[in-house]
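Heads up: the sequence shown begins at 1 in the UniProt record's numbering, then just goes up one per residue. Yeah, the Cβ is synthetic: ideal placement off N, Cα and C, and Gly gets one too. Predicted model, so just to flag it, every value in this text is computed and none were measured. The structure appears below as structure tokens.
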Amino acid sequence: MRAFTLRRSLAHLLPARPFYVHPNPPAASIQSRLGLKFALPSTSPSFQSSPTLREEWISSEVILFELKDRKIEKWGWVFYRTTYKDDEAWDIFKQKVNISVRSIINLDPRSELNEAIFDKLEFVFIEDKAKFDGVSKEELRAHFQEWAGNSFSAENPRAHQKLLYDEEPVSRYRFFFEIDEDALRSCSSKGSGHANFVDGFWSSSRDRTGDLDLVVQNNPEQLQNQAEAIEGCSDVGWMRMDMAFFMDTHFYAGMSGSVDHMWPFFYECPPAIVPNSKLILLMQIQNLARRR
């Protein structure tokens with residue numbers, strides 16, 4: 001399908017299930033940033049998908065296509081636990097992750113497709129109180145980079161190692177989620193909750209090529225300026241994201257696009273939470289791109 005061959009464009013981005021729509025981001029500014037030459041529709045609350053639309057617009061098969069095309073055997077996010085005060089809440093969070101994703105996938109009526117995507121789904125929950133209790137994001141990144149380097153080859157023996165450093169990354173080996181105390185409490189509340197979405201190869205020099213060597217060469221002291229960067233609302237390499245947002249398969253597939261395009265589009269300076277309207281806007285862009 002045409003959308004499968006336009007990875008650099010936004011055509012590979014996918015629709016999501018119905019969300020509560022927060023105030024719209026400025027469509028004109030987003031259009032300018034993404035270099036779009038056609039008008040964007042409004043992101044009204046009435047713009048919501050359904051199982052029928054998911055099948056029409058493409059859903060989980062985009063992930064399956066990416067896996068096959070890149071010879072990747074696994075998909076699914078990596079989660080780091082950095083708070084150890086409540087084991088029960090952590091167990092509930094893990095259950096919520098699995099239930100949420102499977103519920104979204106099952107909205108698609110094609111059972112064979114769902115079985116195929118479930119077969120390759122594997123979340124990674126990394127927990128070790130001695131190593132990760134209250135650690136910084138710099139320490140998490142260092143561990144994640146080591147994990148990604150080791151796991152990529154082990155999980156994907158047929159894939160080319162260069163995909164680890166590609167500017168259009170394999171989401172599983174480029175980004176991860178941190179579940180700190182605030183995130184864990186939010187997920188155990190009545191709302192959907194949120195988590196910290198982290199670029200695993202971010203550096204304060206703003207290198208987003210994903211090159212491990214460049215990341216290692218950065219001055220570690222620069223990475224300690226996150227607090228000041230947050231106050232100035234500059235890119236600090238992580239953002240807070242609603243669980244209803246990041247559990248959608250369409251977001252996972254979308255983050256396999258160019259980091260230089262996708263990250264700035266989604267980015268919100270902490271402690272703000274990325275509004276779900278951004279994903280809905282990308283749903284519209286993807287639909288328009290497929291029609292052109």
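| Asked | Found |
| --- | --- |
| At what residues does the beta strand (DSSP E) containing Tyr80 begin and finish? | Val78 to Arg81 |
| Buried or exposed: where does Ala154 fall if 16 or more other Cβ atoms within 10 Å of its Cβ makes it buried? | exposed |
| Between Glu268 and the rest of its own chain, which residues show a CB-CB distance below 6 Å, the 5 nearest in sequence each way excluded? | Met239 and Val274 |
| Going by alpha carbons, who is nearest to Asp182 out of Leu64, Pro271 and Trp75? | Pro271 |
| Please classify Pro169 as buried or exposed, where buried requires at least 16 neighbouring CB atoms within 10 angstroms. | buried |
| For Arg158, is the classification buried or exposed, using 16 other Cβ atoms within 10 angstroms of its Cβ as the cut-off for buried? | exposed |
| Please classify Phe246: does DSSP put it in a helix, a strand, or coil? | helix |
| Going by C-alpha distance, which of Tyr252, Ser203 and Asp260 is nearest Gly237? | Ser203 |
| Taking DSSP as the reference, what is the three-state secondary structure of Leu121? | strand |
| Where Ile280 and Phe246 are concerned, what is the direct C-alpha to C-alpha distance, given to the nearest angstrom? | 13 Å |
| Does the Cβ of Ser277 have 16 or more other Cβ atoms within 10 Å, making it buried, or fewer, making it exposed? | buried |
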